[in-house]
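Structure record follows, encoded as structure tokens.
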Amino acid sequence: MPAPVLTPSSDVIAKAVAILRSGGLVAMPTETVYGLAADAANPEAVAAIYRVKERPVFNPLIAHLAFPEAAFEQGHFSPAAKALANAFWPGPLTLVVNAVPATTVCDLARAGLDTLALRVPAHPVARDLLGAFGGPLVAPSANPSGRISPTRAEHVATDMGELVDLILDGGPCQEGLESTVVDARGDAPVLLRQGTITPGRIASVWPGLTEGGQDGRPVSPGQLLRHYAPDATLRLNADKAAPNEALLGFGAVDATLNLSPSGDLAEAAANLFAMLRDLDRSYDRIAVSPIPPEGLGAAINDRLARAANRS
Ligand code: TXA
Ligand code: MG
Numbered sequence: 001m002p003a004p005v006l007t008p009s010s011d012v013i014a015k016a017v018a019i020l021r022s023g024g025l026v027a028m029p030t031e032t033v034y035g036l037a038a039d040a041a042n043p044e045a046v047a048a049i050y051r052v053k054e055r056p057v058f059n060p061l062i063a064h065l066a067f068p069e070a071a072f073e074q075g076h077f078s079p080a081a082k083a084l085a086n087a088f089w090p091g092p093l094t095l096v097v098n099a100v101p102a103t104t105v106c107d108l109a110r111a112g113l114d115t116l117a118l119r120v121p122a123h124p125v126a127r128d129l130l131g132a133f134g135g136p137l138v139a140p141s142a143n144p145s146g147r148i149s150p151t152r153a154e155h156v157a158t159d160m161g162e163l164v165d166l167i168l169d170g171g172p173c174q175e176g177l178e179s180t181v182v183d184a185r186g187d188a189p190v191l192l193r194q195g196t197i198t199p200g201r202i203a204s205v206w207p208g209l210t211e212g213g214q215d216g217r218p219v220s221p222g223q224l225l226r227h228y229a230p231d232a233t234l235r236l237n238a239d240k241a242a243p244n245e246a247l248l249g250f251g252a253v254d255a256t257l258n259l260s261p262s263g264d265l266a267e268a269a270a271n272l273f274a275m276l277r278d279l280d281r282s283y284d285r286i287a288v289s290p291i292p293p294e295g296l297g298a299a300i301n302d303r304l305a306r307a308a309n310r311s
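Position 106 (the sequence shown) corresponds to 106 in UniProt numbering; numbering is contiguous.
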């Protein structure tokens, strides 16, 4: 039976909490994408997440908390890491820190690592749910592993409706791209995943940001995988569509769908996954306009490059 899709009220949040406490799975809206939430302290609930997403168990999950103070209890934060957290939480930033021995996030959620990815989301429904639950919730994006992340409740219902217990409908996600992931363990921050908090904004709080993946530095395990994959073939940096292609446009172009006719990168990020899904339903080939690499454009181009990668 497909999971109910409910508009959150206090009764619905109480129902969601009861499901989570009994080890069930609840899809919740966040400001980035919809997440598939489970009790981070319950290994069986966490195992169900890996199972329904068909996610490799070496790929750890992000633990979500209601308040920064609750996150600070789970991991070791240097003063600089705390400053970064306080600057952007609640919001679309995930910090990787060393777990404290008493962390309540179970080993399986951390993929057995000594580190922990933590985030305090800004979406009011996610905050209500986390506040009412009272502990960390792991929440990967609510899509089958490797596929396009969901930015609307109906995306979750289509992809995972039979696999979850409840879907909370919080409307379209405002940011539209997953959180920026930063390794905050060292003397300088390391960017593990691009997102809508740009490198420049991080560096304005904690200078010296470097990118993971070079010189043998680690990246997030999840970044090594094929991701955001539509069924259609993507051709990037296209000026116009060939006769057999749809055009996913940006700026003043004649397009099948346009990420942002006015060339606004935040609008394009918010539309990206929903428009890729829409075009993927009707076309086998999608051409995509060039997206300027500045600011948020880097995170959008990162997702497009992964979606276009057939290997
Ligand atoms: O915006 C988001 O972050 C969304 C919403 C639902 O909060 N969640 C999300 O989760 O994108 P997921 O599981 O799709 O991506 C988590 C990323 C993966 O690339 C994973 O490898 C990385 O975070 N990650 C988790 N724990 C880590 C750790 N200890 N060290 C390095 N990377 C880690
Ligand atoms: Mg994901």
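For glycine and all other residues, C-beta sits at the position ideal for the given N, C-alpha and C.
Judged by the Cβ position, asparagine 143 qualifies as a neighbour of the ligand MG at the 8 Å threshold, a heavy atom of the ligand being closer than this. Taking 8 Å as the upper bound for CB-CB distance, serine 220 and arginine 185 are not in contact here, some 13 Å apart. By the 16-neighbour rule on beta-carbons within 10 angstroms, arginine 310 is exposed. For isoleucine 62, the closest of Ala203, Val5, Ala109 by C-alpha to C-alpha distance is Ala109.
Between proline 230 and tryptophan 206, the C-beta gap is not smaller than 9 Å, which leaves the two residues out of contact. Each residue's CA atom was taken as its position, placing glutamate 44 and glycine 249 some 43 Å apart.
In the structure shown, glycine 35 adopts extended strand secondary structure according to DSSP, grouped into three states. At least one heavy atom of the ligand TXA lies closer than 8 Å to the C-beta of proline 140.
By the beta-carbon neighbour count (other beta carbons within 10 angstroms, threshold 16), alanine 299 is buried. Histidine 76 sits in a strand when the DSSP states are folded into three classes.
By the criterion of a C-beta distance shorter than 6 Å, glycine 251 is surrounded in its chain by Gly263, once the five residues flanking it on both sides are discounted. Take serine 145, set aside five residues on each side of it, and the residues of its chain with a beta-carbon closer than 6 Å to its own are Lys53, Glu54, Arg55, in chain order. For the set Leu118, Ala232, Pro150, Ala287, the Cα lying nearest the Cα of alanine 255 is the one of Ala287. Around the Cβ of glutamate 294, a 10 Å sphere holds fewer than 16 other Cβ atoms; the residue is exposed. Annotation for isoleucine 167: the continuous beta strand (DSSP E) segment containing it runs 166-168.
For histidine 227, the closest alpha carbon among the candidates Phe77, Asn301, Lys15, Thr104 is that of Asn301. With fewer than three CB-CB distances shorter than 8 Å, the segment 68-79 does not count as touching the segment 19-26. Relative to the non-hydrogen atoms of the ligand TXA, the Cβ of asparagine 59 comes within a distance shorter than 8 Å of at least one.
DSSP places aspartate 128 inside the alpha helix (DSSP H), whose first and last residues are 124-133.
Here DSSP, grouped into helix, strand and coil, assigns leucine 276 to helix. A residue is called buried when at least 16 other Cβ atoms come within 10 angstroms of its Cβ; methionine 275 meets this threshold and is buried. DSSP places isoleucine 19 in the uninterrupted alpha helix (DSSP H) bounded by 10-21. Every unbroken stretch of the beta strand (DSSP E) spanning 3 or more residues and falling wholly within the segment 220-270 is given here in chain order: 233-235, 246-249.
In chain order, Pro60 place their CB closer than 7 Å to the CB of leucine 113, counting only its own chain and leaving out the 5 sequence neighbours on each side.
Put simply, the backbone Cα of isoleucine 291 is about 40 Å away from that of phenylalanine 133. Looking at the DSSP output, threonine 94 bridges to Val181. If you ignore the 5 residues before and after arginine 277, its C-beta comes within less than 7 Å of the C-beta of Ile148, His155, all in its own chain and listed in chain order. The three-state secondary structure of alanine 99, taken from DSSP, is strand.
Taking C-beta separations shorter than 8 Å and ignoring five residues to either side along the sequence, the partners of alanine 307 in its chain run Ile148, His227, Tyr228, Ala229, Pro230, Leu234, Leu276, following chain order.
In the three-state scheme derived from DSSP, where H, G and I count as helix and E and B as strand, alanine 27 is classed as strand. Residue nearest to threonine 94 within the set Arg127, Thr32, Ile49 is Thr32 (criterion: CA-CA distance).
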